[in-house]
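Here the sequence shown stands for residues 579 to 652, where the numbers follow our numbering. C-beta atoms are modelled at their ideal positions from N, C-alpha and C, and glycine is treated no differently.
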Amino acid sequence: MPALLVKQSPGWQSIARELIAEACLWLVSRGAARIDLLAVPDDRDFRAGLLDMDFRANAAAETMRRLVRSHNAA
579 MPALLVKQSP GWQSIARELI AEACLWLVSR GAARIDLLAV PDDRDFRAGL
629 LDMDFRANAA AETMRRLVRS HNAA
């Protein structure tokens with residue numbers, strides 16, 4: 579999603595944040611492995627949910643990446 583345009587009205591910023599959060603969760607549910615940190619709303623519950631889905635922040639790359647756990651047969 580390269581851009582999101584909304585009509586500026588009272589509360590438009592919170593509506594935009596909700597839409598971005600929903601878009602991030604939709605992408606994650608379909609296997610996204612990386613999310614731009616700037617796109618992630620500054621919401622503790624939302625970020626905690628991403629951490630629960632094995633995402634970790636990489637501040638240097640400004641992304642959150644999903645960690646894929648390896649299953650070792652040994």
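*Are the beta-carbon atoms belonging to Ala601 and Asp621 less than 8 Å from one another?*
no
*Quick one: give me the first and last residue of the alpha helix (DSSP H) that Arg625 is part of.*
Arg622 to Asp630
*Name the one or two DSSP bridge partners that Arg608 has.*
None, per the DSSP bridge assignment.
*Leaving out five residues before and five after Phe624 in sequence, what residues of the same chain have Cβ atoms less than 6 Å from its Cβ?*
Ala599
*Length of the line joining the Cα atoms of Leu597 and Leu603*: 10 Å
*asked:* Can you tell me whether Ala652 is helix, strand or coil according to DSSP?
replied: Any reading at Ala652 needs caution, since the residue's pLDDT is 49, under 50, leaving its predicted position unreliable; the model's value is listed next. In this structure, Ala652 counts as coil in the three-state DSSP scheme.
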